[in-house]
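Everything on this sheet refers to the single structure shown next.
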Amino acid sequence: MYFATALPRIFYPYDLDFIEDSMLMQSLRFAEGRAVFTAPNVEFAPHVYMPLYSWLGGVLLRIFGVGHTPLRALSFAATLTTAALIFFIAHRESGARWLAAVCAGLYLGGYRLNGFWYELARVDSLFVALSMIGLTLGLYGRDSTARMLISAIVLALAFFTKQTALAFGACVAVYLWITIRRRSGLFLGAWIGLIGIGIAILNAATDGWFFYHTFIVAGADRVEVGRVFRYAAFELFGVMGGLSVMAAAAGVMGWRRLGIGVLRNRPWLLDIGAAAIISGAGRASGRRRRWPSCGICANGAVCRCRKISWRGFAGGITRRSFRVKVCSRPTRRYGR
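The opening residue of the sequence shown carries number 256 in my numbering; numbering runs sequentially from there.
What follows is the structure, encoded as structure tokens:
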């Protein structure tokens, strides 16, 4: 059902969401080699998101031409990557292929819950896919220095897709500290170093406008406590109530039996909490519309059905880019 619904939408020639046109314009600026993080003006003001998705979108626009389809195809590929990772994780945790298939299907079945945003031209699907790759490498690769370093690289890329990936990197750092102590410093140093160097380079290259848009403007929205309660009541313990209760029960039972050791045996529980916090933070902003819960839905799809033991839910300015008619932008196809 997901494929039957998503595939026609990928090729729809017009915007499907309020953010798609402005994401297209931002990616087009990357494709044309024009500055993106600049002082806001009457022609353009960048999104508060990190630039990786738009930059990749710009590469695709240069190859396939201007339109929403290349950007949606990127999000669609990221969604399928997340589903494949969920299958891998659930099979590793449970040993049952049928259960792994159910978990991957559960994630794709969250399509409606997330507002039909899996394949839209927005950063969320890529952010979730990169976060899941980094988490998988970090949580399952603690005995391999190479895997830890690759996890740090991927989670840094997730951060440069969306700032909230910091929470997932912190989860991996905590888990590695609990399990391998000092060797966790390799991951932490590489992860923080890559993020710090990347921010410094981008900020220097844009005369400080990168930091202004992605941190100062992004953090300026007021928090409305009522939105947080509505998120908890109607989403976390409403439409996702069954998954949330099972995860909470697994956490409580594990803590009573193992204490802090529950994070060593069931590390995905830590990521469930991070995903729930990230989703709630996205809804707490007073000026933002309803953000997708892709992260928590992905984390909610991975479970181990033995007793009640869950190892986890594996896991711009809002729109100040002025709406310019797409037909007024160049429509030439770039060289292949």
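Note that beta-carbon positions come from the ideal geometry of N, C-alpha and C, so glycine has one too.
Check                                                                                                                                                       : Outcome
Once you ignore the five residues that flank L307 on each side, which residues in its own chain have a CB closer than 7 Å to its CB?                        : L412, F415 and T416
What are the boundary residues of the alpha helix (DSSP H) that F258 is part of?                                                                            : Y257 to I265
Starting from R352, follow the alpha helix (DSSP H) in both directions and report where the run begins and ends.                                            : R352 to G364
For the candidate residues G481, L283 and G322, whose alpha-carbon lies nearest to that of D270?                                                            : G322
L363 and A338 look like a contact to me (Cβ under 8 Å); what is the Cβ gap, rounded to whole Å?                                                             : 6 Å
Using the beta-carbon count (16 or more within 10 Å), is S349 buried or exposed?                                                                            : buried
Going by beta carbon distance, what residues of the same chain come within less than 6 Å of R566, once the five residues before and after it are set aside? : In this predicted model, R566 has a pLDDT of only 34, less than 50, meaning its place in the structure is not dependable; the value taken from the coordinates is given anyway. Once the five neighbours on either side are set aside, the close Cβ partners of R566 are E348, R521, W523 and R559.
Which same chain residues, not among the five before or five after Y267, have their C-beta less than 8 Å away from its C-beta?                              : H323
What's the call for A505, buried or exposed, on a 16-neighbour Cβ count within 10 Å?                                                                        : buried
Are A336 and E374 close, meaning C-beta to C-beta below 8 Å?                                                                                                : The amino acid occupying residue 336 in the given sequence is Thr; Ala does not appear at that position. Contact flag unset, no.
Go to T334, then tell me how far its alpha helix (DSSP H) extends in each direction, as first and last residue.                                             : H323 to S349
On the criterion of 16 or more Cβ atoms from any shown chain inside 10 Å, does F236 qualify as buried, or is it exposed?                                    : Outside the shown range of the chain, which is 256 to 591, sits residue 236, and nothing can be said about it.
Are the beta-carbon atoms of L340 and I388 separated by less than 8 Å?                                                                                      : yes
Can you list, in chain order, the stretches of the alpha helix (DSSP H) that have 4 or more residues and sit fully within the segment 393-467?              : 400-414, 421-435 and 439-460
Counting C-beta neighbours from all protein chains within 10 Å, is the total for G493 16 or more, i.e. buried, or is it exposed?                            : exposed
Are the Cβ atoms of D526 and F442 separated by less than 8 Å?                                                                                               : no
Any chance you could list the alpha helix (DSSP H) runs of at least 4 consecutive residues sitting entirely within the segment 476-513, in chain order?     : 480-485 and 496-513
How is the alpha helix (DSSP H) around Y308 delimited, first residue to last?                                                                               : L307 to F319
Suppose you measure from the CA of I265 to the CA of R437; what does that come to, to the nearest Å?                                                        : 46 Å
Would you call the CB atoms of F342 and A355 closer than 8 Å?                                                                                               : yes
How would you call I344, buried or exposed, if buried means at least 16 neighbouring beta carbons within 10 angstroms?                                      : buried
Return the Cβ separation of V483 and G535 in integer angstroms, given the expectation that the two are a contact with Cβ distance under 8 Å.                : 6 Å
Which same chain residues end up closer than 6 Å to V378 when comparing Cβ atoms and leaving out the 5 residues on each side of it in sequence?             : Y304, Y308, T416 and K417
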